[in-house]
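Chemist: Position 268 (the sequence shown) corresponds to 268 in the UniProt record's numbering; numbering is contiguous. Before we start, here is the structure in question, set down as structure tokens.
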Amino acid sequence: MLATSLVLVAALLHATWNTLIKFSGERLLVIASMDVVALVFAIIMVAFVEVPPAEVWPWMLASAVFELFYRFLLIQAYRVGDLGLVYPLMRGMSPLVVLALTLTFAGEALSSQQIIGILLIPCGMACLLWHGGGGDRLPWSMLPVVALIGLCIGCYTWLDGQAIRLWSQPLDYLVWLTLVSAWPFPLLAGLARRAPFILFWRLQWRLGLAVGFCVLFSYALVLWAMQLGSVAETAALREVSVILVVLFGMRYLKEPFGGPRLLACALVLIGMLIMKL
């Protein structure tokens, strides 16, 4: 029950920061600002946490690489697609990736009920390919990008889960993962768009702080949940954020809410209930 509660809170935070990024016209600067906040947190905390054991580093470094690719691709996807379409499609793929990796490499025991519940979630996301879920279709040229984002999410989620299995210190792991992965985007923004980046911090520092703290707390809660329960189930439950994002998109970004998006949300909820019954 605790693991489920942690994941649901993390889903709310994750939906919130993705909505803020989509809402902003300067997505690179928002992500760079988010990473600045995370990096400052990690630099402050590194003196109070343990150094990861040697066997954790390969998992953590691989996770950092997939996270960087994920963020680069996320900027591109949000430029052309509705939040309520891009987010569910990319998040819906990740449970499949985590499930495949878990069953193939991790040897983690999952019941048939859990597997059915996990599979229902990407089925719901597939509904959004039906006329864009009630809004504009995502350009077909962007579908490979969204698929790659889903692959990256699934891979770094599974890698984090394996690292936490080896080293049951979620906060310590988060600090070191942040130190490894949070510097490229601020560096890129500082080199490519220095003046706008400085101006953004002067005018929109509250947005940067809000997104940064949402990311940190969301990630910490998911790592804690993976320590307590199944990695594959945690990854699937996290996708309840899809429902929140569709609702946020409708409420704050004036995106449409058609039948396919409603069906997608229903399948996510049914899948989640089947896993937890």
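Glycine included, each C-beta is placed from N, C-alpha and C at the ideal position.
How many Å lie between isoleucine 102 and isoleucine 149 at the Cα?
Modeler: What sits at residue 102 in the sequence shown is threonine, not isoleucine. Approximately 19 Å between the Cα atoms of the pair.
Chemist: Looking at C-alpha atoms only, which residue of Leu267, Met90, Trp57 is the closest neighbour of leucine 143?
Modeler: Met90
Chemist: Please state whether the Cβ-Cβ distance between valine 30 and valine 211 is less than 7 Å.
Modeler: yes
Chemist: So what does DSSP say about tryptophan 59, is it helix, strand or coil?
Modeler: helix
Chemist: Tell me which same chain residues have a C-beta within less than 7 Å of the C-beta of valine 222, skipping the five on either side of it?
Modeler: Val7, Ala10, Thr234, Arg238
Chemist: Three Cβ pairs or more, each shorter than 8 Å: is that satisfied between the segment 66 to 77 and the segment 176 to 190?
Modeler: yes
Chemist: Along the alpha helix (DSSP H) that carries lysine 254, what are the first and last residues, could you check?
Modeler: Neither: lysine 254 is in no alpha helix (DSSP H) and is coded neither H nor E.
Chemist: Do proline 52 and glutamate 167 come within 7 Å of each other at the CB atom, strictly closer than that value?
Modeler: Correcting the residue identity first, residue 167 is tryptophan in this sequence and not glutamate. Cβ atoms of tryptophan 167 and proline 52: closer than 7 Å.
Chemist: Taking the straight line between their C-alpha atoms, what separation do you get for residue 278 and serine 5?
Modeler: Only positions 1 to 277 of the chain appear in the structure, and residue 278 is not among them; the question remains open.
Chemist: In terms of alpha-carbon separation, which member of Cys155, Arg261, Arg206, Gln114 lies closest to tryptophan 59?
Modeler: Cys155
Chemist: Using 10 angstroms around the beta-carbon of glutamine 113, count the other beta-carbons present and answer buried if the total reaches 16, otherwise exposed.
Modeler: By the neighbour-count rule (16 or more Cβ atoms within 10 Å), glutamine 113 is not buried but exposed.
Chemist: Classify alanine 109 as buried or exposed, calling it buried when 16 or more other Cβ atoms lie within 10 Å of its own Cβ.
Modeler: That one is exposed.
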